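Participant: Each residue of the sequence shown is one higher than the one before, counting from 1 in my numbering.
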Amino acid sequence: WEHSLAAMAGSEHGRPLLQIAPMMEVTYRDFRYFMRLLTKRTQLWTEMVVDDTILHNLETEKCERFLGYNGQEHPIVCQLGGSDPTKLAAAAEVVQRYGYDEVNLNVGCPSCRVACKGEFGCSLMKRPEVVRDAIHAMSRAVQIPVTVKCRLGVDDLDNQEYTRKFVTTVKQGGCKHFIIHARKAWLNGLSPAQNRTVPPLHYPRILDLCNHFPDLNFSINGGITDIGHARALLNFPHQRLEGETAELYAAAWDWQSTGSMEACPIPSNLQGV
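(1) Report yes if the CB atom of glycine 173 is closer than 7 Å to the CB atom of threonine 163, and no otherwise.
(2) Note the first and the last residue of the continuous alpha helix (DSSP H) segment covering isoleucine 76.
(3) Should serine 219 be labelled buried (16 or more other beta-carbon atoms within 10 Å of its own) or exposed?
(4) Can you tell me where the alpha helix (DSSP H) with glutamate 161 in it begins and where it stops?
(5) Given this structure, state the Cα-to-Cα distance separating asparagine 195 from isoleucine 179, to the nearest angstrom.
(6) Check whether the Cβ atoms of valine 94 and isoleucine 54 lie closer than 7 Å to each other.
(7) Can you list, in chain order, the stretches of the beta strand (DSSP E) that have 3 or more residues and sit fully within the segment 102 to 152?
(8) DSSP state of methionine 261, grouped into three classes?
(9) Could you work out which residue in Glu244, Asp155, Gly243 and Glu25 is closest to leucine 187 when comparing CA atoms only?
(10) Beta-carbon within less than 6 Å of arginine 132's beta-carbon, same chain only, minus the 5 sequence neighbours each way: which residues are those?
(11) Do you know how far the Cα of arginine 32 is from the Cα of glutamate 2?
(12) Report the partner residues of alanine 185 according to the DSSP bridge assignment.
(13) Over the uninterrupted alpha helix (DSSP H) stretch that includes glutamine 96, give me the two end residues.
(14) So, at 7 Å on beta carbons, what are the nonlocal neighbours of aspartate 208 in its own chain, with the 5 sequence-adjacent residues on each side left out?
(15) How is glutamine 19 classed by DSSP in three states: helix, strand or coil?
(16) Based on the DSSP secondary-structure assignment, which residues constitute the bridge partners of valine 50?
(17) Looking at the structure shown, is glutamine 43 part of a helix, part of a strand, or coil, going by DSSP?
(18) Check whether the Cβ atoms of alanine 182 and isoleucine 206 lie closer than 7 Å to each other.
(19) Where do the ends of the beta strand (DSSP E) carrying glutamine 271 lie?
(20) Going by DSSP, what residue range makes up the beta strand (DSSP E) through isoleucine 220?
(21) Exposed or buried, which one is lysine 87 when buried takes at least 16 other CB atoms within 10 Å?
(22) Indicate the three-state DSSP secondary structure (helix, strand or coil) for phenylalanine 178 in the structure shown.
(23) With DSSP as the reference, label arginine 196 as helix, strand or coil.
(24) Threonine 225 to cysteine 150, Cα distance in whole Å?
(25) Kindly list the residues whose CB is nearer than 7 Å to the CB of cysteine 122, restricted to its own chain and excluding five residues on each side of it in sequence; keep chain order.
(26) Over what stretch of residues does the alpha helix (DSSP H) that includes arginine 240 continue unbroken?
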């Protein structure tokens with residue numbers, strides 16, 4: 001396990017190949033510090049923090065409750081929730097002042113509490129122009145990278161053409177890196193937990209985006225439960241360890257279900273999992 005984790009040190013661009021995704025009531029400060037004790041290289045993420053939460057608690061003692069972290073947690077991403085470009089830009093400035101390495105906009109959470117109240121999370125996939133404008137405002141306000149975490153689609157808007165249109169629109173705001181949960185979300189009828197397991201995974205569609213947008217970077221999220229699976233999806237980066245075979249690589253991507261008997265090479269702009 002230690003050798004597998006060490007071999008996930010980072011991409012050729014210096015970005016950690018392995019990320020511990022943001023999870024409400026999971027990736028809080030104590031959890032992140034514990035994860036950092038286990039791995040020095042993995043990129044950590046905060047829970048989603050709503051823009052208004054930051055802007056209404058700007059006093060140092062109050063803001064520390066939501067944005068405070070241990071210096072050992074770097075590299076660390078702060079994920080924001082919201083849809084108002086002005087508020088998100090102001091919140092991103094606060095995040096940058098706190099020393100975060102990256103700020104991310106949540107466009108993937110399917111919870112009705114998030115999607116229906118204030119409209120942010122996965123419902124914003126239906127309004128790519130709003131996401132574009134938010135990213136543009138955030139990018140102008142800060143120097144750190146501004147990224148988007150989203151799904152392949154939402155409700156009936158889940159084909160590859162729609163995903164491409166979404167990425168095309170959002171990249172106009174300045175987003176250069178998309179972290180994509182490789183399944184759609186149903187805003188009605190499924191709970192957040194069910195939305196993490198019921199809609200089928202489509203990893204090959206991430207490769208399509210990589211090839212269609214060679215000027216952008218992508219990371220895969222969703223359904224990755226162990227370090228072996230993560231390494232297989234990336235075709236065993238840096239060095240192939242004992243037992244890591246081409247068959248495991250093909251199985252991780254489920255190539256046969258796509259009608260292809262041959263595994264495709266990993267494009268250079270697939271930045272990690």
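Beta carbons are placed, not taken as given, at the ideal position from N, Cα and C, and that holds for glycine. Every value quoted in this text rests on a predicted model; they were computed, and no experiment measured them.
Facilitator: Here's the rundown:
(1) Working through the sequence shown from its first residue, we reach residue 173 at position 173. Working through the sequence shown from its first residue, we reach residue 163 at position 163. Taking 7 Å as the Cβ cut-off, glycine 173 and threonine 163 do not qualify as a contacting pair.
(2) As a working note, residue 76 is residue 76 in the sequence shown. Where isoleucine 76 is concerned, there is no enclosing alpha helix (DSSP H), although the beta strand (DSSP E) it sits in stretches over 76 to 81.
(3) Looking up residue 219 in the sequence shown gives position 219. Counting Cβ neighbours within 10 Å, serine 219 comes out buried, since at least 16 surround it.
(4) Mapped onto the sequence shown, residue 161 falls at position 161. Unbroken alpha helix (DSSP H) run through glutamate 161: 160 to 171.
(5) As a position in the sequence shown, residue 195 is number 195, starting the count at 1. As a position in the sequence shown, residue 179 is number 179, starting the count at 1. Cα-Cα distance, rounded: 17 Å.
(6) Numbered from 1 along the sequence shown, position 94 holds the residue referred to as residue 94. Numbered from 1 along the sequence shown, position 54 holds the residue referred to as residue 54. Result yes, Cβ atoms of valine 94 and isoleucine 54 sit closer than 7 Å.
(7) 102 to 107
(8) In the sequence shown, the residue the question calls residue 261 occupies position 261. Here the model assigns methionine 261 a pLDDT of 47, short of 50, so the residue's position is not dependable and the matter cannot be decided.
(9) For this step, residue 187 is matched to residue 187 along the sequence shown. Out of Glu244, Asp155, Gly243 and Glu25, Asp155 has the C-alpha closest to the C-alpha of leucine 187.
(10) By one-based count along the sequence shown, residue 132 stands at place 132. Counting only Cβ-Cβ distances below 6 Å, and skipping sequence neighbours, we find Thr169, Val170, Gln172 and Gly173.
(11) On the sequence shown, residue 2 is found 2 positions in, with the first residue counted as 1. On the sequence shown, residue 32 is found 32 positions in, with the first residue counted as 1. Confidence is the limiting factor: at glutamate 2 the pLDDT is only 48, short of 50, which leaves the residue's position unreliable and the question unanswerable from this model.
(12) Here residue 185 corresponds to residue number 185 of the sequence shown, with the count starting at 1. Its beta-bridge partners are Val154.
(13) Here residue 96 refers to the residue found at position 96 when the sequence shown is read from its first residue. Taken as a continuous stretch (DSSP letters only), the alpha helix (DSSP H) holding glutamine 96 covers 85 to 97.
(14) To locate residue 208, count along the sequence shown from 1; it is residue 208. Gln160.
(15) Position 19 of the sequence shown, counted from the first residue, corresponds to residue 19. Correct three-state label for glutamine 19: strand.
(16) Locating residue 50 in the sequence shown gives position 50, where the first residue counts as 1. BP columns for valine 50 point to Gly81.
(17) Numbered from 1 along the sequence shown, position 43 holds the residue referred to as residue 43. Of the three classes helix, strand and coil, the one that applies to glutamine 43 here is strand, per DSSP.
(18) Residue numbering aside, residue 182 sits at position 182 when the sequence shown is read from its first letter. Residue numbering aside, residue 206 sits at position 206 when the sequence shown is read from its first letter. For alanine 182 and isoleucine 206, yes; Cβs fall inside 7 Å.
(19) In the sequence shown, residue 271 corresponds to position 271, counting from 1. Segment 270 to 272, the beta strand (DSSP E) holding glutamine 271.
(20) Residue numbering aside, residue 220 sits at position 220 when the sequence shown is read from its first letter. Per DSSP, isoleucine 220 belongs to the beta strand (DSSP E) from 217 to 221.
(21) As a working mapping, residue 87 is identified with position 87 in the sequence shown. Buried: at least 16 other Cβ atoms inside 10 Å.
(22) Your numbering for residue 178 matches position 178 in the sequence shown. If DSSP states are grouped into helix, strand and coil, phenylalanine 178 belongs with the strands.
(23) If you number the sequence shown from 1, residue 196 lands on position 196. Coil, per DSSP.
(24) Within the sequence shown, residue 225 is the residue found at index 225, counting from 1. Within the sequence shown, residue 150 is the residue found at index 150, counting from 1. Distance between the alpha carbons of threonine 225 and cysteine 150 is about 19 Å.
(25) Taking the first residue of the sequence shown as 1, we reach residue 122 at position 122. So the list reads Val107, Gly108, Cys109, Pro110, Ala115, Arg151, Val154, Ala185 and Leu187, once near-sequence residues are dropped.
(26) By one-based count along the sequence shown, residue 240 stands at place 240. Where arginine 240 is concerned, there is no enclosing alpha helix (DSSP H), given that its DSSP letter is neither H nor E.
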